Every structure is written in C-alpha cells, then in structure tokens.
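Per full-length UniProt numbering, residue 1 is the first one in the sequence shown, and the count goes up by one each step.
All C-beta atoms in this analysis are idealised placements derived from N, C-alpha and C, irrespective of residue type, glycine included.
In this text, all values refer to a predicted model and were calculated from it rather than measured experimentally.
Let me begin by presenting the structure, written as structure tokens, before commenting on it.
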Amino acid sequence: MKYNEQRAIDSATDLFWKKGFQGAGMRDIQQALDMRPGSIYARFENKEGLFTRVINQYAEHGRARLQAVSEHQEPLVALRTFFVEEVTGASEKRYKRQCLLVKSLAEFDNLGEAAKQAILNGMDALHEGFGQVVAALSAPPHNMIKGDESLIAHWLQEQFVGLRTLAVYASDARINLLIDKLLLDLKGHWPALNRPASDE
1 MKYNEQRAID
11 SATDLFWKKG
21 FQGAGMRDIQ
31 QALDMRPGSI
41 YARFENKEGL
51 FTRVINQYAE
61 HGRARLQAVS
71 EHQEPLVALR
81 TFFVEEVTGA
91 SEKRYKRQCL
101 LVKSLAEFDN
111 LGEAAKQAIL
121 NGMDALHEGF
131 GQVVAALSAP
141 PHNMIKGDES
151 LIAHWLQEQF
161 VGLRTLAVYA
171 SDARINLLID
181 KLLLDLKGHW
191 PALNRPASDE
C-alpha cells in the first residue's frame, strides 16, 4: 500500500487521543500506521516527533475552524454549531470529546521539550481562534459583546475545555443546555478588568 502521510497522522491522532502519549507503545503505533519501525523513525524521528506532528495538526485544525466561525455571516450561530460538533461527537468514540491538548497536558511532565512546546503553542492557537470570534462578535454589525476581548477569549476557551471534559460522561441534553447558557453569558455584562478593591 502506498504511503499516505495524512492518513498516518490521522491514525496516530486517533491512537494518542485514545491511549495518550505514555499509553501508546511502539507496537501500537506500528499497527495503527501500518508501518515498520524503521519507516516510522525515518519519517518522524521517534515517537515524540510523531506526537508533535499530531499536536501541531490538531491545534491548527481547531484554529482554522474558529477562524471560519469568526468569518461566518452569523458568527454566534456558527459558534454554537462549532461547540455542538466538537463536544457531542459519536458516542462510540467518547474519548474524542475531550480536547486532545488538555488530555496531553496531564502528561506534560513526561514529555520532551518539543512536545511540550507544541502543546503550549496549540493552546495559544486556540486562544487566538477564540479571540477572532470574540472580535467578530464585538464589532459592527454584530455588537454583541462589550468588554476586554482577550479576557473574554480566555473565558470562552476555558468554557470550551470544561465542556469537552464534562462531555466524556455527561448526556448530550445536558451539554446542549450548558452550551446555550454559555452563549447567553457571552452576551452578558462583563466587569472591567483590574477593578479596584472595595473600600468596605
């Protein structure tokens, strides 16, 4: 079978998502990619090199999807669709409901510097994507949000991460309700950043 790099990265993504970096042994990788050890090392250097490629692609995919949300004619509607699609995936692969970046953070101390940096860059890329969405919702003609855009983008990313973790075991009905609540809160009042402490 002719080697297909994208297929190999996709197979590795599914494997690391399911088993984590530490849990995925070289035998698992060989089976998932249908490649001999020599070919894996030649193309990716080592297990961590493959993992880094997976994380980079995963983060870029998320950032690109959020950019598409920000450019949508109705970004709030597109944002809800994004949340629903990312958080309520197929029940037979519930492990994919959790963010791969967050799952990987649990193994952060056991990773090499390249993999660690890929995860941190990935979190920054997601923040950038959420920032684009917040900027679109804050600007005309939408004018739905008023507040510090970076702060709101961080909050939105944190809600996303939390929902994806919850969705591993919670019902879709509960998750959809929380998504709707999140969107309502997003349009609500945002306190000023670094407010002075009360004199009381």
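Asked: Mapping DSSP to helix, strand and coil, what is residue 109?; Found: helix
Asked: Terminal residues of the continuous alpha helix (DSSP H) containing residue 79?; Found: 75–87
Asked: Would you mind reading off the limits of the alpha helix (DSSP H) that contains residue 182?; Found: 172–186
Asked: Cβ atoms of residue 134 and residue 69: under 8 Å apart, would you say?; Found: no
Asked: Quick check on DSSP: helix, strand or coil for residue 169?; Found: coil
Asked: Counting only runs that start and end within the stretch 89–165, where is the alpha helix (DSSP H) found for 4 or more residues in a row?; Found: 100–105 and 113–138
Asked: Looking at the structure shown, is residue 14 part of a helix, part of a strand, or coil, going by DSSP?; Found: helix
Asked: So the alpha helix (DSSP H) residue 28 belongs to, where does it begin and stop?; Found: 26–33
Asked: Throw me the rounded Cβ distance for the residue 9 and residue 57 pair, which I believe falls under 8 Å.; Found: 6 Å
Asked: Can you give me the C-alpha to C-alpha distance between residue 183 and residue 138, rounded to a whole angstrom?; Found: 14 Å
Asked: Which same chain residues end up closer than 6 Å to residue 24 when comparing Cβ atoms and leaving out the 5 residues on each side of it in sequence?; Found: 15 and 16
Asked: Measuring CB atoms only, is the stretch 30–39 touching the stretch 98–107, in the sense that at least three cross pairs come out at less than 8 Å?; Found: no
Asked: May I ask you to verify whether the stretch 103–113 touches the stretch 76–89, counting CB pairs closer than 8 Å and requiring at least 3?; Found: no
Asked: Can you tell me which of the three DSSP states residue 192 falls into?; Found: coil
Asked: Hey, residue 111 and residue 21: beta-carbon distance below 8 Å or not?; Found: yes
Asked: What whole-angstrom Cβ distance do residue 59 and residue 125 have, given they're in contact under 8 Å?; Found: 4 Å
Asked: Nearest-angstrom Cα distance between residue 12 and residue 186?; Found: 35 Å
Asked: Could you tell me the boundaries of the alpha helix (DSSP H) in which residue 56 lies?; Found: 47–70
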